[in-house]
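J.:
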Amino acid sequence: MPAEKKPLNVQIGSRIKQAREQSRVTQERLAEKIEVSVQYVSDLERGKVGASVATIIKICQTLQVSCDYLLLGVEAAGSIYSPIIPTDLSREQEHIVREGILLLLRAMDLQKDFDVPNS
722 MPAEKKPLNV QIGSRIKQAR EQSRVTQERL AEKIEVSVQY VSDLERGKVG ASVATIIKIC
782 QTLQVSCDYL LLGVEAAGSI YSPIIPTDLS REQEHIVREG ILLLLRAMDL QKDFDVPNS
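Anchor point for the sequence shown: position 104 equals 825 in my numbering, and the numbering is continuous, going up by one each time.
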């Protein structure tokens, strides 16, 4: 008989899946980045297993979301991963703004690889 899923694991797993999909990251890529198996990512997203604090931190860094969001479902004020977005936007507009922010964050991260130190 399968073990009963813990409600907290189901909630966190759902938020991980949502953040992963919004970031357009595959389960395979997430598993590679956080150094776990694809099956573990799948089980995590379905709430079958929980994650260690270290794994949660890696997921947050990879998907650029706050720990507050993954663990509690709320976004931390002032977090670089959850900038203040006007509340009067439609869901579609909010999604577009978030996508733009993610693109900028990724571009800034990539730029670091090409920055030349001042001599």
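A virtual CB, placed ideally from N, CA and C, is assigned to each residue, including glycine. Computed from a predicted structure; not experimentally measured.
Please classify GLY734: does DSSP put it in a helix, a strand, or coil?
T.: The residue you call residue 734 lines up with position 13 of the sequence shown. Correct three-state label for GLY734: helix.
J.: According to DSSP, is GLY821 helix, strand or coil?
T.: Translated into the one-based positions of the sequence shown, residue 821 becomes position 100. The answer is helix: DSSP assigns GLY821 an H, G or I state.
J.: Report the three-state DSSP secondary structure of THR776 (helix, strand or coil).
T.: By one-based count along the sequence shown, residue 776 stands at place 55. THR776: helix per DSSP, three-state reduction.
J.: Which class does GLN782 belong to by DSSP, given the choice of helix, strand or coil?
T.: In the sequence shown, counting from the first residue as 1, residue 782 sits at position 61. Residue state, collapsed to three classes: helix.
J.: Tell me the DSSP secondary structure of ALA724 in three-state form.
T.: Start at 1 with the first residue of the sequence shown, and residue 724 comes out as number 3. Looking at ALA724 - three-state DSSP - the assignment turns out to be coil, as it is neither helix nor strand.
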